[in-house]
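Chemist:
Residue numbers (the working numbering): 9 to 316.
In structure tokens:
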């Protein structure tokens, strides 16, 4: 019972801490979603300039549009947690990452991994032969600008330097504390058609915009900002999913501890009553035996006196 009470204290504390972190991160993630949507709308309005351009022309606008065929090298960003005790949050992302790695390596592509969260590094060290290029944990503050810039520098350096033809990310998208969806998305190269959206949808004609200094310079800057926003969104969604998963898991563990303690207390009280009953029966039996022995001694003394 003392052991379960100690575990219950830990699970209740973890649930409370995760709830506080989730509340803060949900607000940040919601704000980032709105910001990312505004960025997509800005890029969407430029679809008249992007539509119909050849790969060479897109590459001239921004190097992040460069599509390399065939794909020989891939970098994967795997976002998990540093610790467990959060249900299947880590395992779900691990499964998708491992399937992606095995598929690409079977196709003869070189693959390297960047892990955010120590659980991912330990899992791949056991299950996969893919080398881990960079691994880092989570700071106490959760998602920070330094983390975003560091990861952005890593993935963009690999892509622009030619060490990676594609950059993918495995993360968990947060919906509610009970609903989390692991996802696999391509970060680089940026798909021009994905930015442009559906042709003719609120785009406006191409000649309705004037740019200074130039369309290419502005779009190149926007693409860099867009990639940073994507990375921050990936980290925020994953961090919120982890905290939500841990909060729910620890609350369930606390409830199970409550039920276990209730059952243990009932069993303890029953055993205690049985022990007390056994002791009382022993005392009554000893008293009865002693009384009978005393009566026997009295009869013996009375018989001896009558004989004399």
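Positions of the beta carbon are idealized from the N, C-alpha and C atoms, including for glycine.
1. For residue 144, report the span of its alpha helix (DSSP H) as first-last.
2. If we call anything under 9 Å between Cβ atoms a contact, is residue 128 one with residue 100?
3. Let me know the alpha helix (DSSP H) ranges lying completely inside the region 70 to 135, each 4 residues or longer, listed in chain order.
4. Pair every Cβ in the region 22 to 33 with every Cβ in the region 248 to 265, then say whether three or more of these pairs are closer than 8 Å.
5. Can you tell me the Cβ-Cβ gap for residue 81 and residue 117, rounded? I've got them flagged as a contact below 8 Å.
6. Does the region 108 to 125 come within contact of the region 136 to 153, defined as at least 3 CB pairs closer than 8 Å?
7. On the three-pair Cβ rule with 8 Å, is the region 168 to 175 touching the region 236 to 243?
8. Applying the criterion that 16 or more other CB atoms from any shown protein chain within 10 Å of the CB defines a buried residue, is residue 277 buried or exposed?
9. Looking at the strands, I want to know which residues DSSP matches up with residue 182.
10. Taking DSSP as the reference, what is the three-state secondary structure of residue 148?
11. Could you give the distance in angstroms between the alpha-carbon of residue 142 and the alpha-carbon of residue 98?
12. If we count the other Cβ atoms within 10 Å of its Cβ and call it buried at 16 or more, is residue 40 buried or exposed?
13. Using the rule of at least 16 other Cβ atoms within 10 Å of the residue's Cβ for burial, across every protein chain shown, is residue 297 buried or exposed?
14. By a C-beta neighbour count over all protein chains shown, 10 Å radius and 16 as the cutoff for buried, is residue 289 buried or exposed?
15. Going by CA-CA distance only, name the one from 132, 95, 12 and 279 that's closest to residue 110.
16. For residue 199, which of helix, strand or coil comes out of DSSP?
Modeler: Taking the structure as given:
1. From DSSP, residue 144 is part of no alpha helix (DSSP H) but of the beta strand (DSSP E) over 140 to 144.
2. Cβ distance not < 9 Å, so residue 128 and residue 100 don't count as in contact.
3. If only uninterrupted alpha helix (DSSP H) runs of at least 4 residues are considered, those enclosed by the region 70 to 135 are 97 to 114 and 126 to 135.
4. Yes, the region 22 to 33 is in contact with the region 248 to 265.
5. Yes, residue 81 and residue 117 are in contact; Cβ-Cβ is about 7 Å, under 8 Å.
6. Inter-segment contact for the region 108 to 125 and the region 136 to 153 is present: three or more beta-carbon pairs are separated by less than 8 Å.
7. Because the criterion of three Cβ pairs below 8 Å is not met, the region 168 to 175 and the region 236 to 243 do not touch.
8. For residue 277, the number of other beta carbons within 10 angstroms of its own is below 16, and it is reported as exposed.
9. According to DSSP, residue 182 bridges with 188.
10. Here residue 148 carries a coil assignment [DSSP, helix/strand/coil].
11. Rounded to whole angstroms, residue 142 to residue 98 spans 18 Å at the Cα level.
12. Within 10 angstroms of the beta-carbon of residue 40 lie 16 or more other beta-carbons, which makes it buried.
13. Label assigned to residue 297: exposed.
14. Residue 289 comes out exposed.
15. Closest by alpha carbon: 132.
16. Residue 199: coil per DSSP, three-state reduction.
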